[in-house]
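Visitor:
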Amino acid sequence: MGIKGLAIQLHQYCKTTIWPYIADPESRVPAIIDGPSLAHRLYTLRKGKNGTTDSIIFTNADCRAIGKNVIDWLDELQTFNFEIEGIYFDGALPRYKRETRHQRMQIYINNMINIQKNHNRTTRARPPPPFLVFLVVEALFASKYADKTWLVNGEADPYCAAAAQKAALASPENGGIIFTDDSDLLVFNFQAPVRIAMLNAMDDYTDTSDSGLHLHEFNSMAIHEREPDLLGCAYQIEKHSCMLPEARQRCKAGQFEPEEYEAFRDLYDISRWSEELQQLRISRREGQVVLQLDSRVSEPIHQVRDLLKSSARAHGSTDAIEELEMYLPFLLDDPSRSTAWKIGADYREVAQLLILLASPSAALLEYKRSGVRVVSNRIEKASVKTINDKLQHLAQQLQSITAYADGQITSRAQRMFIMEMTVAEMDRLGIPLPRHSDTGTVIDLESPNTWKLVHLWAQFEAQYYSCRILQQVWKWWTSEGPANYDVVLPDDLYTFLNGLASLIDFFDRDATEP
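Note that our numbering gives residue 130 to position 100 of the sequence shown, counting from 1, and the numbers run on in steps of one.
What follows is the structure in structure tokens.
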């Protein structure tokens, strides 16, 4: 998320460099990629090429191409003598980012309201499709870059910093480079030559010309030589939204809140994150399932693990234990209607109750849009019997869906099934049912050109993703969850969840059906 305005204020330290096409194994530069930054940058470039369109939103069906673009981008990057060292993605965000997350969600809500109000069909204002980053991670895990792809317990950027320093220390003559849009990475005081290349300054996938790859780079060590109190200045800029000269003056005057500044310093302690990176690699070798889940699913699970560690250090004390939090992806639905996340709530609730069963917390807060605001829905911890009853109820609902079939089915058949589940849920909730032609439009993944179709698309996505949440939580539960609870997944529900298509396959309109 970065420190607002920091990169701009340090622009005098940014240089344009040209990396020629070259293949020299002895001088290959380790490249560390900020995964979310890359996913969103390539999406921005793609939608910018489309200009305006009859479709009101970009759907997840557009994202398979983004996944391919990421693979192609990484392949081409290596032709300039870079070696992909790692691609890092957020697996959880710290709780102090709550206000920033709510502000971002509110911006998305306001954008959708403005698009609807002004009939704005330009692509600039459109929020990204809700599963963009998850689709990219899936594509990477299915590629030759699988062992280079990491989901971390926290934000990606400090792990990028630790990985870059590790690579640069191993080969100081070549150094390391981080590709990112996050200005936070400029604050780390690296003990080895590390460059920071800003993705938002690249005009094309690799911005190449006959002369080579043009990058806008910051030399981290050079910045810290000229700005010896960069950490303090960054603190002042974030806290007071001031310019760099004022930040320097505040630092000289010692205008720091001691406890607050100590916490800020800890965020940029490269030695701390080097230890976290080492632990991450140990966890990968142990095959921890939580490192393979979508970040919106792994986040509350990481919170459980952190709370259990804190509780153990406090000798089992449960005083003032925080509630868990799950931030649902921002669906591009009709802002004048009730949130599309009403659909699939039963599946999400069971998943959330399983997470709570493993946690010392008494409740989980689920964040989503309601009307024109961001709100939370509180899920209270429940007994094993209640959870088993709810699982049995879901299995019975499945049996009532006529499209249901055992075993492997095509992606389109799964979309038909999910749509039938969506319509059945709408009927139970008293929501007006869609026309058959509209459900067919969504099943065929055609872009929506009316707000009625936009909302149906979002309801369809909500049903699918709610099932995916339960699928992933059950995978974690059976592998790493507590063993002292007799939770039983009915056979029909197990078969359905086990066969649920991946995001890439489910939202692939061009998939070849057997």
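The beta-carbon is built from N, C-alpha and C at its ideal position, and this holds for glycine as well. Bear in mind that the values here come from a model prediction, so they are computed numbers and not experimental data.
Going by CA-CA distance only, name the one from Phe164, Lys127, Leu229 and Phe218 that's closest to leucine 75.
Guide: It is Leu229.
Visitor: Kindly indicate which three-state DSSP category alanine 375 falls into: helix, strand or coil?
Guide: Reduced to three states, the DSSP call for alanine 375 is helix.
Visitor: Are the CB atoms of glutamate 268 and isoleucine 431 nearer to each other than 9 Å?
Guide: No, Cβ-Cβ distance for glutamate 268 and isoleucine 431 is not below 9 Å.
Visitor: Which residues does DSSP pair with arginine 408 in a beta bridge?
Guide: According to DSSP, arginine 408 bridges with Leu395.
Visitor: Using C-beta distances below 6 Å, list every residue in its chain close to alanine 435, excluding the 5 sequence neighbours before and after it, in chain order.
Guide: Bear in mind that a pLDDT of 49 at alanine 435, under 50, signals an unreliable position, so the model cannot answer this.
Visitor: Using only the alpha-carbon positions, how far apart do lysine 45 and isoleucine 207 sit?
Guide: Whole-angstrom Cα-Cα distance: 14 Å.
Visitor: Going by C-alpha to C-alpha distance, which of Ile143, Ile62, Phe119 and Tyr73 sits closest to leucine 104?
Guide: Selected option, being the one with the closest Cα: Ile62.
Visitor: Going by DSSP, name the residue or residues bridged to isoleucine 208.
Guide: Ile62 and Ile226.
Visitor: For a quick check, are the C-beta atoms of leucine 527 and cysteine 497 less than 9 Å apart?
Guide: Yes, the Cβ-Cβ distance between leucine 527 and cysteine 497 is below 9 Å.
Visitor: Would you call glutamine 42 buried or exposed, if buried means 16 or more other Cβ atoms sit within 10 Å of its Cβ?
Guide: Looking at its Cβ environment, which holds fewer than 16 other Cβ atoms inside 10 Å, glutamine 42 is exposed.
Visitor: Just confirm the distance between the C-beta atoms of arginine 58 and asparagine 249, as a whole number of angstroms; I'd bet it's less than 8 Å.
Guide: Wrong, their Cβ atoms sit about 19 Å apart, outside the cutoff.
Visitor: To which residues of the same chain is arginine 295 closer than 7 Å at the C-beta, ignoring the five residues directly before and after it?
Guide: The answer, listed in chain order, is Leu261.
Visitor: Hey, how far is the Cα of glutamine 221 from the Cα of alanine 193?
Guide: One C-alpha to the other measures close to 12 Å.
Visitor: With the cut-off set at 9 Å, would you say isoleucine 86 and threonine 480 are in Cβ contact?
Guide: Yes.
Visitor: Closest by CA to leucine 386, which one among Val327, Leu162 and Gly78?
Guide: Leucine 386 has its Cα closest to that of Val327, out of Val327, Leu162 and Gly78.
Visitor: Hey, could you find the ends of the alpha helix (DSSP H) isoleucine 351 is sitting in?
Guide: Careful: isoleucine 351 lies outside any alpha helix (DSSP H) and carries neither H nor E.
Visitor: Closer than 9 Å, CB to CB, is proline 66 near chain D or not?
Guide: In the displayed structure, chain D is absent; only one protein chain is listed.
Visitor: What residue from Gln429, Met456 and Arg458 has the CA that sits closest to threonine 525's CA?
Guide: Selected option, being the one with the closest Cα: Gln429.
Visitor: Taking leucine 243 as the reference, which of Asp54, Thr109, Ser413 and Thr89 has the closest Cα?
Guide: For leucine 243, the nearest C-alpha among the options comes from Thr109.
Visitor: Relative to the C-alpha of leucine 40, which candidate in Ala252, Leu463 and Met135 has its C-alpha closest?
Guide: The residue with the shortest Cα to Cα distance from leucine 40 is Ala252.
Visitor: Pop quiz: alanine 375 and valine 334 are said to be a contact at Cβ under 8 Å. What is the actual Cβ separation, rounded to whole angstroms?
Guide: Rounded, the Cβ-Cβ distance is 21 Å, inconsistent with contact.
Visitor: Let me know the secondary structure DSSP gives methionine 449 once reduced to three states.
Guide: In this structure, methionine 449 counts as helix in the three-state DSSP scheme.
Visitor: What does DSSP give as the partner residues of asparagine 249 in its beta bridges?
Guide: Arg225.
Visitor: Assuming tryptophan 49 contacts leucine 245 (C-beta within less than 8 Å), just tell me the rounded distance between them.
Guide: The pair is a contact, with the Cβ atoms about 7 Å apart (cut-off 8 Å).
Visitor: Between which residues of its own chain and tyrosine 189 is the CB-CB distance below 6 Å, once the five residues before and five after are set aside?
Guide: Closer than 6 Å at Cβ, skipping near neighbours: Tyr118, Val182 and Leu307.
Visitor: Take tyrosine 138 as the anchor and find which of Gln279, Gly121, Pro158 and Glu129 has the nearest alpha-carbon.
Guide: Selected option, being the one with the closest Cα: Pro158.
Visitor: Touching or not, the segment 358-368 and the segment 305-321, by the rule of three or more beta carbon pairs under 8 Å?
Guide: No, the segment 358-368 is not in contact with the segment 305-321.
Visitor: At the level of alpha carbons, what is the spacing between isoleucine 300 and glutamate 129?
Guide: Between isoleucine 300 and glutamate 129, the C-alpha separation is close to 25 Å.
Visitor: Please name the residue or residues paired with methionine 356 in a DSSP beta bridge.
Guide: Answer is Glu396.
Visitor: I'd like the span of the alpha helix (DSSP H) that includes threonine 47, first residue to last.
Guide: No alpha helix (DSSP H) holds threonine 47; the beta strand (DSSP E) holding it covers 44-49.
Visitor: Using the Cα positions of lysine 98 and glutamate 168, report the straight-line distance between them to the nearest angstrom.
Guide: Each residue's alpha carbon lies about 11 Å from the other.
Visitor: Could you name the residues of the same chain whose beta carbon sits closer than 6 Å to that of glutamate 353, not counting the 5 residues immediately before and after it, in chain order?
Guide: Same-chain partners within the cutoff: Ser391, Ala393 and Leu395.
Visitor: Looking at the structure shown, is aspartate 535 part of a helix, part of a strand, or coil, going by DSSP?
Guide: Aspartate 535: helix per DSSP, three-state reduction.
Visitor: Nearest by alpha-carbon distance to leucine 406: which of Asn418, Trp371, Gln427 and Thr416 is it?
Guide: According to the sequence provided, residue 406 is serine. The question's leucine does not apply to it. The option with the nearest alpha carbon to serine 406 is Trp371.
Visitor: Thinking C-alpha only, which one of Ala293, Ala264, Cys281 and Asp64 is nearest tyrosine 126?
Guide: Checked all of Ala293, Ala264, Cys281 and Asp64; the closest Cα to tyrosine 126 is Ala293.
Visitor: Considering only residues of the same chain and omitting the five flanking positions on each side of alanine 412, which have a CB-CB separation below 6 Å?
Guide: Excluding sequence neighbours, alanine 412 sits near Leu383.
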